[in-house]
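In this note's numbering, the protein residues as written are 15 to 362.
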């Protein structure tokens with residue numbers, strides 16, 4: 015990401031939910047400020063809640079260099095409900111030609127490679143070609159809401175020739191709304207279309223009854239369904255317990271459930287039939303389905319799906335598979351903790 019930012023010549027559009035502290039927070043700010051001083055138009059949009067931990071000197075460096083930095087949906091007593099609708103997208107677009115998206119935020123947790131509990135496991139991708147316009151569109155939509163400004167022109171939207179290989183790609187963006195959202199519809203369609211396999215990785219896994227049933231229906235069609243979620247290093251224990259409340263139903267219908275061991279698992283990926291895949295910000299929970307603005311990249315490519323499947327297998331090798339019999343025999347306290355999450359499941 016830093017290399018991509020440092021290579022900018024005309025424009026940078028950067029959107030993040032998490033922007034915390036640490037060396038990486040200063041490194042990213044310095045890189046963005048450096049490009050702004052060089053004459054690059056740098057637009058930075060941060061979720062107002064997710065970036066509360068950003069140090070003041072980091073903000074000052076960027077503003078002093080001419081970075082256009084805005085906060086998305088600041089908390090306001092005049093709009094109390096707005097505080098629950100966050101921008102969870104992670105987007106970087108440079109010169110309108112190169113894009114990045116996935117699960118990575120700006121914090122020390124993302125500076126390693128899952129080598130210890132302090133460094134998280136995540137998936138982020140870098141793309142070129144016409145799909146970058148989709149990433150820019152997702153950023154521009156959020157920027158327009160926050161500022162009232164349109165981002166257009168050749169510097170932001172240059173002509174992009176199709177690339178050979180890689181397969182068809184599309185960015186699916188979703189916004190907080192009442193009723194079905196693009197995020198939920200995407201997952202339903204992906205699960206319903208599966209014929210052989212589903213490999214799902216979710217940092218925050220608390221599916222509603224309909225999606226739990228969809229996974230079981232896929233298993234009933236003979237589809238191999240494997241779910242990978244955080245284990246003991248989960249950073250949100252309440253969400254973990256809510257997800258565990260669905261394990262019994264999933265295990266009963268033959269879905270494999272695995273909990274990742276080494277550190278917090280923050281990736282959000284889905285691979286179907288080893289031919290179609292998604293990478294982005296969408297989790298398998300109600301916040302992603304109806305509370306947050308999200309974006310995920312969809313790719314129809316056996317090559318890309320194969321890479322994600324290989325990573326999934328590596329993750330499984332250091333994960334614990336939930337044994338159906340052992341889970342059935344779990345204690346009363348564990349069951350009570352799971353059941354207690356139901357009163358707040360819609361907000362998780």
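By construction, the Cβ of each residue, glycine as well, lies at the ideal position given by its N, Cα and C atoms.
In this text the structure is predicted, and so the values were computed from the model without any measurement.
Who are the near neighbours of residue i in its chain, counting only those whose CB is closer than 6 Å to its CB and skipping five residues on each side?
i	result
residue 42	120
residue 57	27 and 82
residue 13	Since the first residue shown for the chain is 15 and the last is 362, residue 13 is missing from the structure and cannot be characterised.
residue 123	134
residue 71	none
residue 230	267
residue 314	181, 182 and 290
residue 154	165
residue 108	18, 22 and 26
What does a CB cutoff of less than 7 Å around residue i pick up in its chain, not counting 5 residues either side in sequence?
i	result
residue 47	75, 76, 79 and 81
residue 158	164
residue 261	271, 336 and 341
residue 233	239, 267, 268 and 269
residue 196	186, 187 and 188
residue 334	245, 272, 273 and 275
residue 128	134, 135, 276 and 277
residue 338	265
residue 177	142 and 143
Which residues bound the alpha helix (DSSP H) around residue i?
i	result
residue 314	Residue 314 -> not in any alpha helix (DSSP H); beta strand (DSSP E) instead, spanning 306-314.
residue 354	346-354
residue 200	196-207
residue 362	It is not in any alpha helix (DSSP H) - residue 362 carries neither H nor E in the DSSP assignment.
residue 212	Looking at the DSSP string, residue 212 is not in any alpha helix (DSSP H); the run it does join, the beta strand (DSSP E), is 211-215.
residue 135	Careful: residue 135 lies outside any alpha helix (DSSP H) and carries neither H nor E.
residue 12	Outside the shown range of the chain (15 to 362) lies residue 12, about which nothing can therefore be said.
Considering residue i, what are the terminal residues of the beta strand (DSSP E) in which it resides?
i	result
residue 39	Unbroken run through residue 39 is the alpha helix (DSSP H), 37-51; no beta strand (DSSP E).
residue 267	Element bounds for residue 267: n/a, residue is neither H nor E.
residue 116	112-116
residue 234	Element bounds for residue 234: not the beta strand (DSSP E) but the alpha helix (DSSP H), 223-234.
residue 106	105-108
residue 252	Residue 252 -> not in any beta strand (DSSP E); alpha helix (DSSP H) instead, spanning 251-258.
residue 336	It is not in any beta strand (DSSP E) - residue 336 carries neither H nor E in the DSSP assignment.
So residue i and residue j are in contact, right, with Cβ under 8 Å, and what is the actual spacing, rounded?
i	j	result
residue 253	residue 362	5 Å
residue 139	residue 116	6 Å
residue 156	residue 29	6 Å
residue 297	residue 217	6 Å
residue 102	residue 306	4 Å
residue 112	residue 146	7 Å
residue 25	residue 169	5 Å
residue 152	residue 309	5 Å
Tell me whether residue i sits in a helix, a strand or coil according to DSSP, three-state version.
i	result
residue 162	coil
residue 66	coil
residue 96	helix
residue 78	helix
residue 297	coil
residue 287	coil
residue 84	strand
residue 239	strand
residue 54	coil
residue 25	strand
residue 61	strand
residue 189	coil
residue 323	helix
residue 2	Outside the displayed span of the chain (15 to 362) sits residue 2, for which this structure offers no information.
residue 123	helix
residue 177	coil
residue 155	helix
residue 279	strand
residue 317	helix
Counting only the same chain and skipping the five closest in sequence on each side, list residues whose C-beta sits under 8 Å from that of residue i.
i	result
residue 326	213, 215, 240, 242, 283 and 285
residue 68	33, 34, 35, 39 and 60
residue 332	274, 275 and 276
residue 300	220, 222, 359, 360, 361 and 362
residue 312	183, 184, 185, 186, 200, 290, 291 and 292
Exposed or buried, which one is residue i when buried takes at least 16 other CB atoms within 10 Å?
i	result
residue 166	exposed
residue 98	exposed
residue 92	exposed
residue 198	buried
residue 248	buried
residue 191	exposed
residue 175	exposed
residue 318	buried
residue 237	buried
residue 54	buried
residue 49	buried
residue 73	buried
residue 141	buried
residue 259	buried
Return no unless some Cβ of chain E is closer than 8 Å to the Cβ of residue i.
i	result
residue 334	Although the question refers to chain E, the structure presented lacks it and comprises just one protein chain.
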